[in-house]
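Numbering-wise (my numbering), the sequence shown opens with residue 1407 and increments by one. Here's the structure, in C-alpha cells; my notes come after.
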Amino acid sequence: MKVLIACELSGTVRDAFIRKGHDAWSCDLEPTESPGPHFQRDVLEVIADGWDLMIAHPPCTYLTSSGLHWNKRRPERAIKTEEALAFVQAFFDADVDKIVIENPVGCISTRIRKPDQIIQPYHFGHSESKGTCLWLKNVPKLVHTNVLSKPECGYWDNQTPSGQNKLGPSPDRAKKRSYTYAGIANAMADQWG
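In C-alpha cells:
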C-alpha cells in the first residue's frame, strides 16, 4: 500500500508502516529526523500523487484548545487559526481513499467536525496522558492494544502532581509534545496497513 504520513518529521509512523512492508513516505517542511523516504516540501504538493492511505498530523499551534484563548487578545493568532483550519480542510478534501487526521482537542472539532475517536498513549502501553483526536475516513477506529492503569501516585509520567505537562517552556517544546508514541504508530500500521 502507498502511504503518506503528512506533517511528520520524526519518521515514527512512516517507519512503522515500512516495517509492515508498505511504501510509506513522510512529508514535512523540515528534514526528517530518521533516515528514510521523506519529502521535504509542502505536503499539498504531493497530496494528489495516488496515495492509498494518508495519515496527517497538521501542526496544532493555532488549533489546540490550550492556545485558542490567545486569539481574542492577539488578532494575528486568530488569522493563523483560520489559515490552519484551511490547511486541515485540504486534508479532509484530499482525493485519497483512506484518511486519518490526528490532532489534540481543539477547534477542528467545533469548526469542521467532531472526531471519530479520542485516544490516549496509555491505551497503547505508554504511561503518559495526551488526548489525541482522530478523524477517520474509510478506516476503523483504532483498537487499544495495551491499556495501562493510572499510577498509584494519581498522575501520568508526563504530568506534574497538578496534572500539567512536565515540559517547561523551551524552543523545542512544541516539537517534543507533537511526537507520535511508538505504541500508537505500531497500532496504526498493524490495524490500518
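Even glycine gets a Cβ: it sits at the ideal position worked out from N, Cα and C. Here the structure is a predicted model, which is why all the values come from computation and not from measurement.
In terms of residue numbering, what span does the alpha helix (DSSP H) encompassing residue i cover?
i, result
"Val1409", "Run containing Val1409: none in the alpha helix (DSSP H); it sits in the beta strand (DSSP E), Lys1408 to Ala1412."
"Trp1541", "First-last for Trp1541: Thr1538 to Lys1543, but that is the beta strand (DSSP E), not the alpha helix (DSSP H)."
"Pro1481", "Pro1481 to Asp1499"
"Asp1421", "Thr1418 to Arg1425"
Please return the same chain residues whose Cβ sits closer than 6 Å to the Cβ of residue i, not counting the five positions on each side in sequence.
i, result
"Val1502", "Trp1457 and Met1460"
"Lys1536", "Pro1527"
"Ile1411", "Val1419, Arg1420, Ser1432 and Ile1461"
"Ala1430", "Val1409, Arg1420, Phe1423 and Ile1424"
"Pro1437", "Gln1446"
"Thr1551", "Phe1530 and Ala1593"
"Trp1598", "Val1545"
"Thr1470", "Pro1510 and Gly1512"
"Pro1443", "Trp1431"
To the nearest whole angstrom, what separates the beta carbons of residue i and residue j, a pair I think is in contact under 8 Å?
i, j, result
"Ile1518", "Thr1538", "Between Thr1538 and Ile1518 the Cβ distance is about 16 Å, and since that is not below 8 Å, they are no contact."
"Val1545", "Lys1504", "5 Å"
"Asp1600", "Leu1435", "Outside the shown range of the chain, which is 1407 to 1599, sits residue 1600, and nothing can be said about it."
"His1463", "Glu1534", "17 Å between Cβ atoms; not a contact."
Suppose the cutoff is 7 Å on Cβ atoms and the five residues either side in sequence are ignored; what does the same chain contact list for residue i look like?
i, result
"His1532", "Tyr1587 and Gly1589"
"Ser1390", "In the structure as shown, the chain starts at 1407 and stops at 1599, and residue 1390 therefore has no counterpart that could be examined."
"Tyr1585", "Ser1416 and Thr1418"
"Gly1473", "Thr1467"
"Ala1500", "Ile1453 and Met1460"
Hey, could you find the ends of the beta strand (DSSP E) residue i is sitting in?
i, result
"Asn1509", "Lys1504 to Pro1510"
"Asp1434", "Asp1429 to Asp1434"
"Ile1525", "Gln1523 to Ile1525"
Sorted by chain position, which residues of the same chain lie with C-beta nearer than 8 Å to residue i's C-beta, five sequence neighbours on each side aside?
i, result
"Glu1439", "Leu1415, Ser1416 and Gly1417"
"Met1594", "Val1419, Ala1422, Phe1423, Ile1461, Val1506 and Leu1548"
In the DSSP assignment, what residue or residues form a beta bridge with residue i?
i, result
"Leu1459", "Val1409 and Lys1504"
"Asn1355", "Not covered by the structure: residue 1355. The range shown for the chain is 1407 to 1599."
"Thr1470", "Gly1512"
"Gln1597", "Its beta-bridge partners do not exist; DSSP assigns none."
Report yes or no: do the stretch 1464-1483 and the stretch 1527-1543 share at least 3 C-beta pairs separated by less than 8 Å? no
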